[in-house]
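Every letter in the sequence shown is one number past the one before it in numbering that gives the first Met the number 0, and letter 182, counting from 1, is 181.
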Amino acid sequence: MYAADLHVHTRVSDGSMTAAEILEMAKAKGLTHIAFTDHDTTKQSEIHKRLAASYGIRAIQAVEMSAYDYESRKKVHILGYGYKYTESIEKIGRETLKKRDENCRKQIEILNKLGFRISEDAVEHIAGDCIYKQHILDYLLKTGQSEAMFGDIYRNIFKNGGPCDFDIEYPRAEEAVQAICRDGGFAVLAHPGQQDNFSVIPGLVAAGLSGIEWNHPSNGGEERKKIMSYAGEYGLFLTGGSDFHGRYEREGADLGTCLAHETSRCLFENENQ
């Protein structure tokens with residue numbers, strides 16, 4: 000049996016649950032394989048792998064790298080699986096996390112000027128090593144300054160041209176793929192249906208891309224057909240995952256609802272080679 004959710008986020012980045020809490024759910028749902036794909040860090044991947052084994056679930060080292068294609072002006076997320084080293088991934092990831100943390104602190108400053116009461120220390124306690132906008136929204140909810148995680152504040156301040164609607168400069172998508180490959184891992188294009196970035200696939204293949212995320216909540220029937228076509232043309236394997244963030248994802252899918260394609264078994268077959 001192969002029931003794998005290969006796209007899951009924990010509190011290490013922008014998920015609301017710990018790995019242990021997620022593994023309890025995974026065991027109850029009958030998952031056999033899992034990948035914790037926290038953003039831009041490999042910090043606890045080995046710990047998560049050993050923890051999963053204690054639940055009778057096989058895990059693989061994984062990461063989701065945030066990147067950008069400056070020609071098409073599209074965001075690109077690259078999943079990295081089964082890396083043997085972390086130097087190249089961490090070099091890029093540390094810089095991205097530093098920028099993201101600084102960006103969120105600017106957003107906190109703006110919110111305080113707008114009349115909200117936000118303590119950076121308190122948000123840090125929720126967040127850990129890097130602050131994400133989800134942590135700010137969670138703090139506002141917990142302190143009674145917001146009616147919902149993704150309500151009016153999210154829509155009017157963090158999105159749609161609001162005062163906190165600004166982002167960071169990301170590394171080039173090819174650089175993320177190359178970093179994963181240098182560290183001995185497999186690079187996979189995440190949720191192309193969500194970011195409508197199919198045009199980047201040829202360039203990413205040239206950089207070392209090995210797979211595409213086929214089963215994802217944002218990939219509809221037409222997107223899956225396109226993914227299958229690209230996979231056939233370039234000899235790419237197919238993965239899948241729920242992109243689970245717990246309550247930190249607006250209209251997010253539940254754990255285990257988007258299982259990986261059978262071709263992703265190669266990740267675990269090659270893991271110890």
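Where a beta carbon is used, it is the ideal one built from N, C-alpha and C, also for glycine.
A quick note: this is a predicted structure, and the numbers were derived from the prediction, not measured.
inquiry  = Please report the distance separating the alpha-carbon of Q272 from that of G81.
reply    = With a pLDDT of 47 at Q272, under the threshold of 50, the modelled position of that residue is not reliable, and the figure given next carries that caveat. One C-alpha to the other measures close to 10 angstroms.
request  = With a threshold of 16 other CB atoms inside 10 Å of the CB of E268, please say whether the residue is buried or exposed.
outcome  = exposed
query = When the Cα atoms are used, what is the spatial distance from Q133 to L237?
reply = 29 angstroms
ask   = What do you get for D120, buried or exposed, if any count of 16 or more other CB atoms within 10 angstroms of its CB means buried?
value = exposed
inquiry  = For a test of the three-state rule: what should DSSP assign to Q272, helix, strand or coil?
reply    = In this predicted model, Q272 has a pLDDT of only 47, less than 50, meaning its place in the structure is not dependable; the value taken from the coordinates is given anyway. If DSSP states are grouped into helix, strand and coil, Q272 belongs with coil.
query = From what residue to what residue does the alpha helix (DSSP H) around V276 run?
reply = In this structure the chain extends from 0 to 272, so residue 276 is not present and cannot be described.
query = Where do the ends of the beta strand (DSSP E) carrying I211 lie?
reply = 210 to 214
request  = Would you mind working out which of E63, E45, T31 sits nearest E328, comparing C-alpha positions?
outcome  = Residue coverage of the chain in this structure runs from 0 to 272, which leaves residue 328 outside it and unanswerable.
task = Identify which residue in T95, D4, E23 has its Cα closest to the Cα of I33.
result = D4
key: Beta carbon of S65 nearer than 7 angstroms to that of Y169   = yes
key: CA-to-CA distance, L30 to C103, given in whole angstroms   = 35 angstroms
inquiry  = Quick check: the stretch 244 to 264 against the stretch 100 to 118, are at least 3 beta-carbon pairs closer than 8 angstroms?
reply    = no
inquiry  = Do Q194 and K73 have their beta-carbon atoms positioned less than 7 angstroms apart in this structure?
reply    = yes
query = Which one of L78, S53, F185 has the shortest CA to CA distance from V7?
reply = L78
request  = Pull up the CB-CB distance for T273 and D37, whole angstroms please, since I reckon it's below 8 angstroms.
outcome  = Residue 273 falls outside the range modelled here, since the chain spans only 0 to 272, and no answer is possible.
request  = Return the first residue and the last residue of the beta strand (DSSP E) that I33 is part of.
outcome  = 32 to 35
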